[in-house]
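Undergrad: Structure provided below as structure tokens; questions to follow.
Protein chains: 2
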Amino acid sequence: MVKVGVLGYGTVGSGVVEILEKNKDIIAKRVGQEISVKAVLDLRDFPGDPVEKVLVHDFDIVANDPEISIVVETMGGVHPAYEFVKTCLENGKSVCTSNKALVAAYGPELLALAEEKNINFLFEASVGGGIPIIRPLKTSLAPDEILEISGILNGTTNYILTEMTEKGSDFDSVLKDAQDKGYAEKDPTADVEGYDACRKIAILTSLAYGKQLDFEDIYTEGITRITDRDIAYAKKMGAKVKIFGSSKKVGDKVSAMVAPQLIYPEHPLYSVDGVFNAILVKGNMVGDVMFYGQGAGKLATASAVVSDVMDAAKHAGVNIITLWDAEKLDLVAAEDARNVFFVRVSGIKAQKSEKVKELFGNVKMVDAGYDDEFAFVTEEMSEGDYEKAAAQLDGVINKIRVDQTGLA
Amino acid sequence: MVKVGVLGYGTVGSGVVEILEKNKDIIAKRVGQEISVKAVLDLRDFPGDPVEKVLVHDFDIVANDPEISIVVETMGGVHPAYEFVKTCLENGKSVCTSNKALVAAYGPELLALAEEKNINFLFEASVGGGIPIIRPLKTSLAPDEILEISGILNGTTNYILTEMTEKGSDFDSVLKDAQDKGYAEKDPTADVEGYDACRKIAILTSLAYGKQLDFEDIYTEGITRITDRDIAYAKKMGAKVKIFGSSKKVGDKVSAMVAPQLIYPEHPLYSVDGVFNAILVKGNMVGDVMFYGQGAGKLATASAVVSDVMDAAKHAGVNIITLWDAEKLDLVAAEDARNVFFVRVSGIKAQKSEKVKELFGNVKMVDAGYDDEFAFVTEEMSEGDYEKAAAQLDGVINKIRVDQTGLA
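Here the protein sequences line up with chains A and B, keeping their order.
Residue 380 in numbering that gives the first Met the number 0 is what sits at position 381 of the first sequence, and the numbering runs on without skipping anything.
Residue 368 in numbering that gives the first Met the number 0 is what sits at position 369 of the second sequence, and the numbering runs on without skipping anything.
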């Protein structure tokens, strides 16, 4: 019998307790022994909820219970999650977390501590919710040098962009609708500004290359500047607007970014719509591999946490190797990253196209039928060169990077 | 230093040797020690190939080398692969194989032997080539009761159906083209008749439910009867024809089948085209999860084999639990499986539609503009009831099952 402590009885934490109960028999069979929840820590009370029997309000009860060998951390936030997790690891308990903020900030330290203690620090649910991605990256794709990762890593923004595309609605009204439906938070900043996706691509990239990529170092652009006109242009181009967290190997360095991207039907992520997430990984041997599923949600995310609990139970006293050093990953400077840009400009095309050619070279014009603006697509150029050229062109309204994946 | 023996230096076997050499450093770092190939068994000689230095023609050299702790089996075919693998396991060597025929036929026996010896029998590459699916099913999806699996499991047939759809060509000319390009074998029977997909869905289903599903017991229908007219109807319906290996839980039993399916854009596998494969798994907690990638090919498949070699190296002396008993899975009889059918009938609609309604009840007519035939879609009915009704209707040309996934 393996005994588990759960820190935080919110959406994911209560999902973990539910799965461990509902799928108890299957889980016991697959692990080789029963797993049961001995204590759930939360500040709140839950009158009438069966959790009452194991509910505690004092962290020390979990931390000092020698029977509890695995702790689930589903409180969210960096503090006191970090202090709690560290104490549990120091006390010899494996920890399974869904907390991307914690993992992005303290991954290497907590992994090193787990290794030292011959226990495990696992975080499948921190990226992609129920989508298996962390474990496949550590195991299935381990023979490969990772060349590129592109992910639709945030369900809220993918839902908003999908609705804008399908209904032609503007950002604000779709956001309001998403909030009403519970797909977006009251304060949607972390999602719509790309901060959530940023932490997730930081985790994936750190794992892929075995060194720390600080999320603060990743150029991050949200979707708040995407308008119905951008969407109309995208349709005209036979493309869709998605927001990607992405990284790729460039020589000995790695380039990483969170930003909206125009993608074509040939891109494996093109048909990933609504609240679904997906991650495309390119290995130097396996080629393109894609993982798709629910990137959030109580039971999907909790299922990923429970898969870690089962792994921790099967690896009692054995550290599962996870390469992620505290040493910093060598990052390509944001201005040196190379991209293709779709650019919208206010004014009359005939009057500005000479200037556009002078500044951007060989471009392809895109006409979506507007009289007061025009648009073009550049060839591949550095972010720095783009910025320099754009600064000299009057009336740039917006730019969106164009992902060429799948195009000949 | 871990020493590996490779049985069979064909496409996949030579890919394994290539990856272990090319990605040697990454692999050593991730496993914690170097992995090198000590012997490669093949009947042929390979003059000038570096493999010559380790090439052997006698199986006993591999089987009896105490330094070789992991054996890769990439010979294909059931015999003598089975005898060789069994001997290696009996001699205490873990075995990693890409051989679906072997796994489908002898999985439970070889797994039991590996468990008894505290070693491992691993077969990630036997299904979906480079796509991680076997390991995720055993680990990431372990908390879940598996409700349904649908897979595009064969690249040759997916390529043929994609070409027929995109170019409007007929089956025979596309098959010839696929053979010229090396996407189809000279004798394409195993692919186009669905036998290859059948072994793969047998393996996935056996793993999902922990009991043996004999591939001979799975109703299997290939794509040889699909014509350009079927494709034209599919387009008219806004659908595509794909061939799925699929299984699902029905009460306490499991229903399994290989057959062409009409699927709609809402289906997560709709945009999986060309030689790509993908597998959709529905868990009772995680919901829909999809895995996509190259289902065949030298390096993709070899990458999956090497991921198993790395797992075997990390689990020296520790058996990775794999539930797959020899006991037979309780299968729904083929005639009791329930499906929606698209049916084409020769003759004039006006003259036969009364009879169609009498036999099939509430159907939806589909008009693709042909004068000499018509078509309809049934409501859900059992395969047995469909056969009875179809037998009483003159001039049934073809039927294709309709997968309703994603439709409201």
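Cβ coordinates follow ideal geometry from the N, Cα and C atoms, glycine included.
Predicted model only: the values in this text are computed from it and were never measured.
Can you round the beta-carbon distance between Tyr269(B) and Ala367(B) to whole angstroms, since I take them to be within the 8 angstroms contact cut?
TA: Wrong, their Cβ atoms sit about 20 angstroms apart, outside the cutoff.
Undergrad: Can you check the stretch 311-379 of chain A for any beta strand (DSSP E) of at least 3 residues that lies completely inside it and give the ranges in chain order?
TA: Positions of the beta strand (DSSP E) runs, each at least 3 residues long and wholly inside the stretch 311-379 of chain A, are given as 324-327, 337-345, 363-365, 372-376 in order along the chain.
Undergrad: List the residues of chain A whose Cβ lies closer than 7 angstroms to the Cβ of Ala124(B), in chain order.
TA: The premise fails here: Ala124(B) is roughly 11 angstroms from chain A at the closest Cβ pair, so nothing lies under 7 angstroms.
Undergrad: Would Gly282(A) pass as an interface residue toward chain B - the criterion being a Cβ-Cβ separation below 8 angstroms?
TA: It does: the Cβ of Gly282(A) has a partner Cβ on chain B nearer than 8 angstroms.
Undergrad: At a Cβ cut of 9 angstroms, what residues of the stretch 139-158 of chain A count as close to chain B, listed as they run along the chain?
TA: Ser139, Leu140, Ala141, Pro142, Asp143, Glu144
Undergrad: Whole angstroms is fine: what's the gap from Asp216(B)'s alpha carbon to Glu326(B)'s?
TA: 14 angstroms
Undergrad: Roughly how many angstroms separate the alpha carbons of Leu261(A) and Thr404(A), rounded to a whole number?
TA: 10 angstroms
Undergrad: Which of the residues in the stretch 283-294 of chain A, read from start to end, lie with their CB under 9 angstroms from any CB of chain B?
TA: Asn283, Met284, Val285, Gly286, Asp287, Val288, Met289, Phe290, Tyr291, Gly292, Gln293
Undergrad: Using the C-alpha atoms, what's the distance from Ala277(B) back to Ser245(B)?
TA: Roughly 12 angstroms between the two C-alpha positions.
Undergrad: CB Ile159(B) to CB Ile222(B), shorter than 8 angstroms?
TA: yes
Undergrad: Out of Gly346(A), Leu279(A), Val339(A), Ala299(A), which one is the CA nearest neighbour of Gln293(B)?
TA: Leu279(A)
Undergrad: Comparing C-alpha positions only, which one of Ile67(A), Asn90(A), Glu386(A), Val94(A) sits nearest to Ala80(A)?
TA: Val94(A)
Undergrad: Nearest CA to the CA of Ser68(B): which residue from Asn119(B), Lys185(B), Glu114(B)?
TA: Asn119(B)
Undergrad: Whole-angstrom Cβ separation of Gly7(A) and Asp41(A), contact assumed at under 8 angstroms?
TA: 6 angstroms
Undergrad: Taking only the alpha-carbon atoms, compute the straight-line gap between Tyr385(A) and Val339(A) and give it to the nearest angstrom.
TA: Going from the Cα of Tyr385(A) to the Cα of Val339(A) covers about 9 angstroms.
Undergrad: For Asp195(B), which residues in the same chain have their Cβ closer than 6 angstroms to its Cβ, ignoring the five residues on either side in sequence?
TA: Asn153, Ala189
Undergrad: Using 10 angstroms around the beta-carbon of His266(B), count the other beta-carbons present and answer buried if the total reaches 16, otherwise exposed.
TA: It is buried - the Cβ of His266(B) has at least 16 other Cβ atoms within 10 Å.
Undergrad: Any residues in the stretch 320-354 of chain B with a beta carbon nearer than 8 angstroms to a beta carbon of chain A? Which ones, in chain order?
TA: Ile320, Leu322
Undergrad: According to DSSP, Gln211(A) sits in a beta bridge with which residue or residues?
TA: Looking at the DSSP assignment, Gln211(A) forms a beta bridge with Lys327(A).
Undergrad: Could you tell me whether the Cβ atoms of Pro131(A) and Pro142(B) are closer together than 8 angstroms?
TA: no
Undergrad: For Gly14(B), count the other beta carbons within 10 Å of its own beta carbon; 16 or more makes it buried, fewer makes it exposed. Which is it?
TA: So Gly14(B) counts as buried.
Undergrad: Can the beta-carbon of Pro259(A) be found less than 8 angstroms from the beta-carbon of Ile225(A)?
TA: yes
Undergrad: As a quick exercise: from Asp370(B), Asp393(B), Ile399(B), Phe375(B), pick the residue whose alpha carbon is nearest that of Glu382(B).
TA: Residue Ile399(B) is the option with its Cα nearest to Glu382(B).
Undergrad: When you compare only the Cα positions, how much space is there between Ala177(A) and Gly360(B)?
TA: 41 angstroms
Undergrad: Could you spell out the range, first to last residue, of the beta strand (DSSP E) harbouring Pro79(A)?
TA: Unbroken run through Pro79(A): none, as it is neither H nor E.
Undergrad: Could you tell me how far apart the beta carbons of Thr99(B) and Lys199(B) are, in whole angstroms, since I believe they sit closer than 8 angstroms?
TA: The sequence given here places Lys at residue 99(B); Thr does not occur at that position. So it is a contact: roughly 6 angstroms between Cβ atoms.
Undergrad: Assign Ala183(A) to one of three DSSP states: helix, strand, or coil.
TA: coil
Undergrad: Can the beta-carbon of Gly4(B) be found closer than 8 angstroms to that of Val84(B)?
TA: no
Undergrad: Nearest chain B C-beta to Asn318(A) closer than 8 angstroms, yes or no?
TA: no
Undergrad: Counting contacts by CB-CB distance shorter than 8 angstroms, is Tyr232(B) in contact with chain A?
TA: no
Undergrad: Count the other CB atoms within 10 Å of the CB of Gly22(A); is the residue buried (16 or more) or exposed (fewer)?
TA: The sequence given here has Asn at residue 22(A), not Gly. So Asn22(A) ends up on the buried side.
Undergrad: Hey, out of Ala390(B), Ala295(B), Asp179(B), whose CA is closest to Ile151(B)'s CA?
TA: Ala295(B)
Undergrad: In angstroms with no decimal places, state the Cα-to-Cα distance between Val395(A) and Val344(A).
TA: 4 angstroms
Undergrad: Quick one: complete beta strand (DSSP E) runs, 3+ long, within the stretch 95-165 of chain A?
TA: 145-151
Undergrad: Per the DSSP calculation, Gln260(A) is bridged to which residue(s)?
TA: Lys241(A), Arg400(A)
Undergrad: For Val36(B), report the span of its alpha helix (DSSP H) as first-last.
TA: Where Val36(B) is concerned, there is no enclosing alpha helix (DSSP H), although the beta strand (DSSP E) it sits in stretches over 34-40.
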